[in-house]
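Here our numbering is used: the first residue of the sequence shown is 389, the next is one more, and so on.
Remarks on the structure that follows.
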Amino acid sequence: MSTERTFSIIKPNAVQKNVMGEIITRFESRGLRVSAARFTRLTREKAEGFYIEHKDRPFFQSLVHYMTSGPVLLMCLEGENAVALNREIMGATDPAKAAAGTIRKDFADNIEANAVHGSDSAKSAERELAYFFDKAELQKRF
Ligand code: ATP
Ligand code: MG
């Protein structure tokens, strides 16, 4: 199988808990490699655009407020089967339903402040990576 790219965010509650290193270690220890990274705070406009598919959901404004409440680490992760592997390492959206040993089980506070984002398909990954990174910022790790 060929390598794949996916987009990851370490969200404000996980940054606040000071567990960025621990989360990156979980990715690296499963064979994913960081091929781009930026530590930043999202503007409201940027967060709204990122979550545009959820704009009619009741939690949209709250989600945007949370995602802009503090700094985040934006990353491109590269590896075999990166999209699905990242989702597996993250665990279910709702930490109450997340499997033992997943990032969300260990670091999410609730279904909104759930520690990490990961693209849900190769197509989403492509859109999300282009939304945050210039092509030249993506390093080859394989
Ligand atoms: P993400 O897109 O962040 O990787 P996901 O694909 O597991 O997570 P989505 O359904 O795409 O989940 O929802 C995007 C984000 O919106 C979730 O990660 C969470 O932060 C928030 N969210 C989802 N459902 C709810 C909800 N019912 N109440 C509050 N926030 C929610
Ligand atoms: Mg999603």
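All residues carry an ideal CB built from backbone N, CA and C; glycine is no exception.
Serine 509 and glycine 409 have their alpha carbons spaced roughly 25 Å apart. Taking 8 Å as the upper bound for CB-CB distance, lysine 511 and methionine 455 are not in contact here, some 22 Å apart. With fewer than 16 neighbouring CB atoms inside 10 Å of its own CB, serine 390 falls in the exposed class. Counted as a single uninterrupted DSSP element, the alpha helix (DSSP H) harbouring isoleucine 477 occupies residues 470–478. Apart from sequence neighbours up to five positions away, the residues of its chain that approach alanine 435 with a beta-carbon distance below 7 Å are Val452, Met455, Thr456, ordered along the chain. At a Cβ-Cβ threshold of 8 Å, leucine 517 and arginine 429 do not count as neighbours.
DSSP places serine 423 within a strand segment (E or B) once states are collapsed to three. At least one heavy atom of ligand 1 lies less than 7 Å from the C-beta of isoleucine 499.
With respect to the 8 Å criterion, aspartate 482 and isoleucine 499 are classified as neighbours on the basis of their beta carbons. Around the Cβ of alanine 470, a 10 Å sphere holds 16 or more other Cβ atoms; the residue is buried.
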